[in-house]
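A.B. asks: Residue numbers (our numbering): 15 to 125.
Virtual Cβ for every residue (Gly too), placed ideally from N, Cα, C.
(1) Just to confirm my understanding: we take residue 50, look at its own chain, exclude 5 residues before and 5 after, and list those with CB closer than 6 Å. What are they?
(2) State buried or exposed for residue 117, treating a residue as buried only when at least 16 other CB atoms are found within 10 Å of its CB.
(3) Using 8 Å as the threshold, is the stretch 70–78 in touch with the stretch 99–114, meaning 3 or more CB pairs across them?
(4) Apart from the five residues on each side of it in sequence, which residues of its chain come closer than 7 Å, Cβ to Cβ, to residue 22?
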């Protein structure tokens with residue numbers, strides 16, 4: 015019986031992954047570009063809403079704003095982010111949050 019248990023333990027350890035998976039993988043620029051291009055518009059707009067919300071939270075501490083959003087149709091904002099990636103393909107390799115902030119800063123500059 016001990017031998018069976020030992021064999022099962024060795025088998026388990028031999029097949030266990032060497033590194034543990036991360037709890038969260040950052041969204042890529044490619045994924046956001048595809049979502050905002052029509053692949054998953056609800057994902058695009060939800061992601062951008064989260065970026066804007068976190069930006070607003072950051073401003074509560076008195077930080078200088080990175081962008082100043084105006085009231086725009088959400089679809090127009092999503093299309094603007096898609097267009098940013100089309101015009102800046104190097105941004106596709108960056109985390110999506112960085113590309114989204116750069117796109118929003120271009121679309122909604124602070125005066």
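C.D. replies: Once the coordinates are examined:
(1) 58, 92, 95 and 96
(2) buried
(3) no
(4) Because residue 22 carries a pLDDT of 45, less than 50, the predicted location of this residue cannot be relied on, and no value is offered for it.
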